[in-house]
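Structure record follows, encoded as structure tokens.
In my numbering, the protein residues as written are 1 to 193.
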């Protein structure tokens, strides 16, 4: 019994350490991104010449967009105003400045632009998921701007750019697990057992 007890305690300690490690890495990445944005904003010569706050003001939105209603209004505004569309493109360029990994670019743009609630309304191409149809993200102005910026950065025919559809698809299908969703889902599975 002592062996089982020690094994169980060891597993608990390892699980706690791994959780703390993930949390610390998340915090470090978040702070690094904030620092990178601060450096980008202060170094206007070598970076896209705009300020994040000025862009949010031009777009008349607070990012990340929290509700589907707000997102649909935002989409309408982007679709009818070339100035707002250019502002969203500039927003995306600033967010991914200095990144060399397309997955990190997608993650940075998506987490900065849309909340989990909005992401859960969409699939990459509007396909059926779990018997329920979702909206088609590839038909949005937001996707169009994201796509254009990444195409410019990685090249239309580059291997990295060709991965974009599957990266977007995986990102949106994983929305349920973000912002505490995975932890909630796992804890509900444990209580049901």
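We treat Cβ as the ideally placed atom computed from N, Cα and C, and that holds for glycine.
As the structure is a computational prediction, the values presented were derived from the model and not from experiment.
- Bridge partners - residue 122, DSSP secondary structure assignment: 135
- Integer-rounded CB distance, given that residue 118 should sit under 8 Å from residue 168: So it is not a contact: roughly 14 Å between Cβ atoms.
- Going by the CB atoms, is the gap between residue 100 and residue 142 shorter than 8 Å? no
- Query: Using DSSP with H/G/I as helix, E/B as strand and the rest coil, what is residue 34?
  - Reply: helix
- Pair within 8 Å by beta-carbon distance, residue 121 and residue 135: yes
- Residue(s) in a DSSP beta bridge with residue 128: 133
- Message: Measuring only the C-alpha atoms, how far is residue 7 from residue 56?
- Response: 52 Å
- contact_flag[the region 82-98, the region 141-160] where n(CB pairs < 8 Å) is 3 or more: yes
- Return the CA-CA distance between residue 194 and residue 157, expressed in angstroms with no decimal places. This structure leaves residue 194 out entirely; the chain is present only between 1 and 193.
- Neighbourhood of residue 14 by C-beta distance below 8 Å, restricted to the same chain and skipping five residues each side: none
- Beta-carbon proximity check, residue 145 vs residue 60, cutoff 8 Å: no
- Message: Strictly by DSSP, which residues pair up with residue 52?
- Response: According to DSSP, residue 52 bridges with nothing at all.
- Just curious, the alpha helix (DSSP H) that residue 178 is in, first and last residue? It is not in any alpha helix (DSSP H) - residue 178 carries neither H nor E in the DSSP assignment.
- Item | Own chain residues within Cβ distance below 7 Å of residue 87, not counting five before or after | 55, 58, 59
- Residue span of the alpha helix (DSSP H) that contains residue 165, given as start and end: 164-173
- Message: Restricting to Cα atoms, I'd like to know which of 102, 116, 123 is closest to residue 194.
- Response: No answer is possible for residue 194: it lies beyond the span of the chain, which begins at 1 and ends at 193.
- Within 10 angstroms of its Cβ, does residue 115 collect 16 or more other Cβ (buried), or is it exposed? buried
- Quick one: Cα of residue 52 to Cα of residue 92, how far? 10 Å
- Query: Rounded to a whole number of angstroms, what is the C-alpha to C-alpha distance between residue 177 and residue 22?
  - Reply: 15 Å
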